[in-house]
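Line order of the protein sequences matches chains U and G. Numbering of the first sequence is given in numbering that gives the first Met the number 0, commencing with residue 0 and proceeding in unit increments. Numbering of the second sequence is given in numbering that gives the first Met the number 0, commencing with residue 0 and proceeding in unit increments. Heads up: the structure comes next, in structure tokens.
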Amino acid sequence: MNKYHLLVGFSLIFIIVFFFNFLALASDITFGGQLNVSLTGFYDNQSGFGYLPQANLDLELFLPPWDNNEIRVAGSLYTDIVNGQLDFFWKRLYWKHRFDDFHLTIGRQPISWSFGSLLNPVDYSLGAVALERDYSTKFQNAIEIYYPVNWHTGLSLVASSPDSLENTKIGLRGRTLINDFDITAQFVQEQVIAVKPGQQRFGITAKGDIGKFGVYGALGYYRDEKKSFSLLVGADYSYFFPSANRLYLQAEYLNIPPEVLSQITGSLMIRQPESQDKNVHLLTGNISYQIDEFSSIGLTSLYNFNNGSALFMSNYTNHLSTITTLEIQVGIVMGEKNEVDASSVVSWFGELSQVFVELGISYAF
Amino acid sequence: MIARKKVCFIVVMVFFCLVYLTIVGFGEQITAEEIMKRRDENEYIHSAYVEAVMIISKGGRKVEKTMVMYSREKDALVEFTNPADRGTKFLKRGDNLWMFFPDAEDIVKISGHMLEQGLMGSDFSYQDMMESDKLTELYTFTLLEEDIFLDRPCYILEAIALPGQKVSYYRRVAWIDQERFIGLKEELYAESGRLLKVSEVQEVKEIEGRWLPVKSFMENKLRKDTYTQFIINKIKLNPELDERMFSLQSLR
């Protein structure tokens with residue numbers, strides 16, 4: 000059974016079971032979404048200069064909830080960057096029922112265990128592209144049971160099959176608040192029903208405040224063919240200039256097995272086969288400056304201490320109107336560290352391997 | 000005979016003078032604390048359901064954000080409904096703030112320093128918007144003078160933060176309507192004495208027996224030509240709110 004059969008199955012169930020409710024609620028149904036259009040120019044060491052126009056249309060049908068039931072229907076029409084053809088994927092196609100004691104969600108849904116870090120080594124799906132720029136891997140065909148214990152404490156049990164039943168995985172996450180620190184503990188078992196089960200992950204995260212600083216951290220334990228650990232510590236802070244403009248600073252250090260990092264960032268920070276026995280030391284930072292009520296600039300950077308590779312990504316955002324936003328991004332990826340040229344940035348961050356400039360406009364409706 | 004008339008005249012005059020002084024004296028006797036107590040009785044909202052629009056302006060540019068808000072004392076749940084921010088939610092419980100990101104359906108605890116920042120880019124901080132405090136519990140007051148503001152007779156009061164209290168603004172100067180006991184204007188100062196913001200009420204309405212501001216604006220005095228207008232389109236006081244309303248599960 001492939002994902003398309005599953006989607007068609009879910010669609011039919013929804014239509015049959017809730018057909019009459021739809022009729023009654025039809026007058027309250029609304030429609031909305033966002034159109035994003037962008038043009039990316041890039042330079043790559045191997046392929047040279049190029050440009051890539053892209054567009055995607057997110058559409059959602061807003062159905063009013065009834066009797067503790069909620070249906071979410073949302074999809075994305077986009078241009079496939081590989082073949083340039085139009086493609087479509089369901090972001091949401093789920094039914095949620097809030098029972099007295101627990102919530103049940105069935106269907107295609109986002110499963111995300113973010114806790115405020117730039118990189119999350121203990122997320123449910125590690126495949127998300129660096130810095131949360133791509134949410135597509137978070138949307139999965141899944142069943143989730145959420146059991147709230149009190150206002151700040153709850154348990155989530157998730158079973159999902161990203162592409163085939165053989166790849167079904169399960170996750171369990173508990174969340175609570177201790178001394179104003181948001182604490183989570185989670186477990187993920189990949190490929191539960193395969194002949195040889197995949198990786199197991201255990202994770203603990205914490206987020207809170209120490210004085211004027213926001214602080215957070217995570218510990219991960221990965222059990223596969225070998226056992227490995229990850230550690231993340233980070234902090235954020237806001238500084239106000241006399242003109243009331245705000246500077247937001249966030250920095251984190253991540254010590255992570257290379258095979259886990261490659262699942263998070265793809266090949267972005269793994270420029271050559273890393274030693275499989277050696278954890279990668281990564282420093283990540285984010286600075287954003289609010290120019291005024293409508294515009295801001297920011298710089299996000301990643302630096303791999305092991306091989307000297309680095310990523311710098313700056314962005315400028317301007318809300319042109321209530322529904323239109325302009326965004327400009329410039330990204331630079333630096334490759335292997337160049338030991339020869341000691342007089343330039345290259346000596347610190349390596350050889351320039353890729354540059355991209357993206358100009359995008361989004362229109363919400 | 001003339002002497003008796005004089006005495007009677009004097010007695011009558013003294014009587015009227017006493018009556019006048021009693022009336023005037025009574026009016027003057029109202030203290031700053033009493034004024035603020037009556038202002039709190041009128042404006043302090045225990046719980047409410049609000050539908051509102053926030054218009055952020057700078058120069059000629061404007062951005063509108065619509066929202067629904069449930070509040071109960073120090074707790075609040077806000078959900079944005081305008082297309083660009085649709086589904087974004089904030090939950091404030093005491094001094095803790097959580098944000099729900101609708102795309103990934105993530106719930107993330109926001110660092111405490113963010114509470115002092117503008118809500119969704121506006122001139123209202125998260126605390127300005129999501130907190131209903133009794134000012135009498137946070138400040139000590141002095142009656143400065145009386146004035147006419149927006150054609151209404153007002154008391155002008157100065158409020159200084161009580162030692163040890165966590166407040167957004169160290170000093171406030173407030174114009175309180177003498178009849179309706181509603182704040183019509185407020186200047187908000189930092190401890191350094193610098194004027195940070197000025198809020199002014201543009202429209203008040205009597206709702207369920209209380210005078211409440213339904214249209215107001217907040218001007219950031221540290222920036223040029225920028226202000227945020229807050230318009231309440233619908234308000235229901237003391238609605239029945241489920242205990243689970245102010246919980247992480249309500250964000251999901």
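The beta carbon of each residue, even a glycine, is placed where N, CA and C say it ideally should be. Computed from a prediction, not measured in an experiment: that's the story for all the values here.
Notebook entry, point to check: If you compare alpha carbons, which of T30/G, G111/G, E144/G and Y43/G is closest to Y215/U?
Noted result: G111/G
Checklist line | Alpha carbon of L171/U to alpha carbon of N149/U, nearest angstrom | finding: 18 Å
Next item on the list: Any chance you could list the beta strand (DSSP E) runs of at least 3 consecutive residues sitting entirely within the stretch 28-88 of chain U, in chain order?
Entry: 29-43, 47-61 and 68-78
Notebook entry, point to check: Span of the beta strand (DSSP E) holding N314/U?
Noted result: A309 to H318
Checklist line | Cα-Cα separation between F30/U and F61/U, rounded to whole angstroms | finding: 6 Å
Check: Leaving out five residues before and five after D86/U in sequence, what residues of the same chain have Cβ atoms less than 8 Å from its Cβ?
Finding: L76, Y77, T78 and D79
Notebook entry, point to check: Whose CA, out of E115/G, K133/G and K73/G, lies closest to the CA of Y125/G?
Noted result: E115/G
Next item on the list: Would you kindly work out how many angstroms separate the C-alpha atoms of A341/U and I331/U, rounded to a whole number?
Entry: For A341/U, the pLDDT reaches just 44, beneath the cut-off of 50, and the residue's location in the model is therefore unreliable, although a value from the coordinates is still provided. Approximately 20 Å between the Cα atoms of the pair.
Next item on the list: Starting from I296/U, find everything on chain B with Cβ-Cβ shorter than 7 Å and list it in chain order.
Entry: Absent from the structure is chain B; the protein chains it does hold are U and G.
Item checked: Chain-order list of residues whose beta-carbon lies under 7 Å from that of K168/U (same chain, five-residue window excluded) -> S159, V187, Q188, E189, Q190 and V191
Item checked: Opposing strand residues paired with R107/U [DSSP bridges] -> L92/U and N140/U
Margin query: Taking the beta carbon of K91/G as the centre, do at least 16 other beta carbons fall within 10 Å, making it buried, or is it exposed?
Written below: buried
Next item on the list: Closer than 9 Å by beta-carbon distance: list the chain G residues that pair up with Y145/U, in chain order.
Entry: Q248 and R251
Next item on the list: May I ask you to list the residues that DSSP assigns as paired with V194/U?
Entry: Beta-bridge pairing links V194/U to no other residue.
Item checked: Cβ-based neighbour list, I240/G, same chain, cut-off 7 Å, excluding 5 preceding and 5 following -> Residue identity differs from the one stated: residue 240/G is Leu in this sequence, not Ile. Counting only Cβ-Cβ distances below 7 Å, and skipping sequence neighbours, we find S46, Y69 and R71.
Next item on the list: My understanding is that N232/G touches A51/G, with C-beta atoms under 8 Å, so please give their C-beta distance in whole angstroms.
Entry: 6 Å
Checklist line | Cutoff 6 Å; reference D291/U; Cβ partners in own chain excluding five residues on either side | finding: none
Check: In the stretch 221-248 of chain G, which residue ranges form an unbroken beta strand (DSSP E) of at least 3 residues, counting only runs that do not cross its ends?
Finding: 225-236
Next item on the list: Find the nearest neighbour of Y146/U within the set R243/G, E32/G and D102/G, judged by alpha-carbon distance.
Entry: R243/G
Margin query: Would Q262/U and L125/U be called neighbours here (beta carbons separated by less than 8 Å)?
Written below: yes
Notebook entry, point to check: Out of curiosity, what's the CA-to-CA distance linking L253/U and K204/G?
Noted result: 55 Å
Next item on the list: Taking all protein chains shown into account, decide if L134/G is buried (16 or more other Cβ within 10 angstroms of its Cβ) or exposed.
Entry: buried
Next item on the list: Would you please state the rounded distance, in angstroms, between the beta carbons of M217/G and S191/G? I believe it to be under 8 Å.
Entry: In fact, because the Cβ distance is near 20 Å, the residues do not count as touching under 8 Å.
Notebook entry, point to check: Applying the criterion that 16 or more other CB atoms from any shown protein chain within 10 Å of the CB defines a buried residue, is E131/U buried or exposed?
Noted result: Confidence in E131/U is poor, its pLDDT being 47 and thus under 50, which makes the residue's placement too unreliable to answer from.
Check: Closer than 9 Å, Cβ to any Cβ of chain G: which residues of the stretch 302-328 of chain U, in chain order?
Finding: H318, L319, S320, T321, I322, T323 and T324
Notebook entry, point to check: Going by C-alpha distance, which of Y50/U, I105/U, T104/U and K90/U is nearest V81/U?
Noted result: Y50/U
Next item on the list: Can you say whether T324/U is buried or exposed, counting buried as having 16 or more other CB atoms within 10 angstroms of its CB?
Entry: buried
Notebook entry, point to check: Along the stretch 141-166 of chain U, what residues have a CB closer than 7 Å to any CB found in chain G?
Noted result: Y145, P147, W150, H151 and G153
Item checked: For D150/G, the nearest candidate out of I106/G, M113/G and V200/G (CA to CA) -> V200/G
Item checked: DSSP-derived helix/strand/coil call for E207/G -> coil
Check: At what residues does the beta strand (DSSP E) containing I286/U begin and finish?
Finding: V279 to Q289
Check: From P257/U, K226/U and Y238/U, pick the residue whose C-alpha is nearest to that of N306/U; which is it?
Finding: P257/U
Check: So is H151/U buried or exposed if we call it buried at 16+ other beta carbons inside 10 Å?
Finding: buried
Notebook entry, point to check: What is the DSSP secondary structure of L149/G, counted as helix, strand or coil?
Noted result: coil
Next item on the list: Answer yes if the stretch 65-73 of chain U comes into contact with the stretch 34-53 of chain U, meaning at least three C-beta pairs across the two stretches below 8 Å, and no otherwise.
Entry: no
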